[in-house]
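Q: Encoded as structure tokens, here's the structure I'll be asking about.
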Amino acid sequence: LTSPLSPPPRAFWRAHQRDPSTTPRTLRVHPCDITMDLPSSPLWSWYVFADKWVHYDAALSSRLEDAFAAGSEPHVDAQLGPSGTKYAINVLTMEQVNKLTNYSRFIRREATAASPGDTRWEWDAGGGRWLPYAEQARQQLEIAFKASWPSTVLYMSDTPYIIRFAEMVQENTHTGFLRKIRGPGTSVVPGQMTATTQGAVPAHIMPRPGPARHQRMRIHAPLQARADAAHTERLTFTSHEGQIDFASYTDWRLLRPTEYDKDEDCPITCCPFGDDPEDPVVKLRCGCKFNKSTIERALLVKPQCPLCSFHFALPGAMPSGSLVVARDSEPCEGHEDAATWVLIYSFPSGIQGPQHPAPGEPYHGTERQCFIPDTQAGNRTVQLLKEAFLRGITFKIGTSVTTGRPNTVTWNIHHKTSRGGGAQRYGWPDPSYHDRCAAECAALGLMMNDDGTFMDYPVAPSDGAGAGGGTAPSHGSDA
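Take the sequence shown: its letters are residues 468 to 946, numbered as in my numbering.
Structure below.
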């Protein structure tokens, strides 16, 4: 795109006072509440990263504004940049999709000086308090409501919030938390609003056929209508933050000083074992010996013996997140006679723990949507990927191969992010994918038996009672 990078919006804090008879209280403004110099004509922008947006030109902004205000056809086709790259822009889901790569970006409508009315839209801050949306969000809500769109999407602080007018709620797509909203001529749906519950199908899931290199969560209602509620499942993984009972996972045994040579070198540190009671020597199930503090640090980085590569079923270093598995009637390419399993991963941003590459540093979260045909082989792969998620080995914190962004949640097991386009486009058909996925999981210590149960780690005779031995392939490469 040839448009210059626009200045990032300035998020700020605003003081709201309660009853003057009480002590004044400062509250953080809702993420929508941003301020900027307002243009006189409609202006639309696309998201780059880190709260930076680029403006479309006036002609395309005008087309997007007309489509948004009409409330009938949300799709606008455009050719942008010096090479005339083709994009599909959707003013309902608020996204721009590259038609060649299917790479998706957020878009948004900027506030204008020619405000569409002076109506007031508010969100429930709890405790009986209702706070107003900022002008940018207020204008978008007013136009969408008048155009009879069923919903609209507000992007704030790299997080999409879905506004659903039928229920008059706002949903944080990272956490699933719902808040009540209200506006002119609307009524608030009674009842307690909470996070998305077990088995519910998030309304922001919208599978899209075609090639994909990277996709954000699709924000649309149709999947909710197509999805089979009886085959929908929500899983969560909570990061262990380095707090692991290693003894129970590794079956290690504390050795008495008479059971080892204190002058023998630890295989990791190359220093003598010694006889310090504060740092005893332990013997793992595989038969290898290490100082306790040393092997604990090593297993945090990689759940296998550093000497013989024996894998242990330790929780992985994946950050906390959620997985929704839903069955959708729309097929994948090459599997037109089968439904599709849609896997939606969501990881909020956070701070890295001791098991991560840069403890104490922030990391960027992500959302990913993947597709697997509902076939015999596909069902087996889905079960394998669900178990991988519960073990915390599906994702890791590292540098994104796609964007080069460091300290972000990235793939640790390859997935199919498109229903079509073939292997070159990370989609279907791809006959060898199921075998490759199983091999990657096996490299991470996760193997499935023919009957669908998960294989115990191999045990081989050893020189000590209660110890076992075995090896497994090393970890697979990044996706």
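Each residue gets a CB set at the ideal place from its N, CA and C atoms; glycine is no exception. Source: prediction; values computed, not measured.
How would you label residue 623, buried or exposed, when you count the other beta carbons within 10 angstroms and need 16 or more for buried?
A: buried
Q: Let's see if you can read the secondary structure: which residues bound the beta strand (DSSP E) around residue 562?
A: Unbroken beta strand (DSSP E) run through residue 562: 562-565.
Q: Going by DSSP, name the residue or residues bridged to residue 703.
A: 789
Q: Can the beta-carbon of residue 588 be found less than 8 Å from the beta-carbon of residue 629?
A: no
Q: Please state the DSSP three-state secondary structure of residue 691.
A: Because residue 691 sits at a pLDDT of 41, beneath the cut-off of 50, its placement in the model cannot be relied upon, and the following sentence gives the value as read from the coordinates. Looking at residue 691 - three-state DSSP - the assignment turns out to be helix.
Q: Can you tell me whether residue 868 is buried or exposed? The criterion is at least 16 other CB atoms within 10 Å of its CB, across all chains shown.
A: exposed
Q: So, at 6 Å on beta carbons, what are the nonlocal neighbours of residue 731 in its own chain, with the 5 sequence-adjacent residues on each side left out?
A: 740
Q: Can you tell me which of 851, 511 and 893 puts its alpha carbon nearest to the alpha carbon of residue 914?
A: Ranking 851, 511 and 893 by Cα distance to residue 914 puts 851 first.
Q: How would you call residue 918, buried or exposed, if buried means at least 16 neighbouring beta carbons within 10 angstroms?
A: exposed
Q: Look up residue 854 in the DSSP assignment and say whether it is helix, strand or coil.
A: Residue state, collapsed to three classes: helix.
Q: Which word fits residue 608, buried or exposed, when buried means at least 16 other C-beta atoms lie within 10 angstroms of its C-beta?
A: buried
Q: Curious, which full-length beta strand (DSSP E) runs of at least 3 residues does the segment 770-837 contain?
A: Runs of the beta strand (DSSP E) inside the segment 770-837: 788-795 and 807-814.
Q: Please report the distance separating the alpha-carbon of residue 713 from that of residue 763.
A: 7 Å
Q: Which whole-angstrom value describes the C-beta separation of residue 576 and residue 514, a residue pair presumed to lie in contact below a C-beta threshold of 8 Å?
A: Actually they are not in contact, since the Cβ atoms of residue 576 and residue 514 sit about 13 Å apart, beyond 8 Å.
Q: Comparing alpha-carbon positions, which option in 708, 838, 805 and 782 lies nearest residue 792?
A: Out of 708, 838, 805 and 782, 838 has the C-alpha closest to the C-alpha of residue 792.
Q: Here's the rule I'm using: 16 or more other beta-carbon atoms within 10 Å means buried, otherwise exposed. How should residue 916 be labelled?
A: exposed
Q: If residue 719 and residue 750 are in contact, beta carbons under 8 Å, what's the gap, nearest whole angstrom?
A: The C-beta distance from residue 719 to residue 750 rounds to 6 Å, short enough to meet the 8 Å contact threshold.
Q: For residue 820 versus residue 708, is the C-beta distance shorter than 8 Å?
A: For residue 820 and residue 708, yes; Cβs fall inside 8 Å.
Q: When the Cα atoms are used, what is the spatial distance from residue 619 to residue 522?
A: For residue 619 and residue 522, the gap between their C-alpha atoms comes out near 20 Å.
Q: From 807, 645 and 875, pick the residue whose C-alpha is nearest to that of residue 845; which is it?
A: Answer by Cα proximity: 807.
Q: Please return the same chain residues whose Cβ sits closer than 6 Å to the Cβ of residue 849, not counting the five positions on each side in sequence.
A: Counting only residues of its own chain and dropping the five nearest sequence neighbours on each side, residue 849 has a CB closer than 6 Å to the CB of 808 and 839.
Q: Can you have a look at residue 841 and say buried or exposed, based on whether 16 or more other CB atoms are within 10 angstroms of its CB?
A: buried
Q: Taking residue 909 as the reference, give the member of 886, 873 and 780 with the closest Cα.
A: 780
Q: Looking only at its own chain, which residues have a Cβ that is under 8 Å from the Cβ of residue 804, when we skip the five neighbours before and after it?
A: Setting aside the 5 residues that flank it on each side, residue 804 is surrounded in the same chain by 798, each with a C-beta closer than 8 Å to its C-beta; the list follows chain order.
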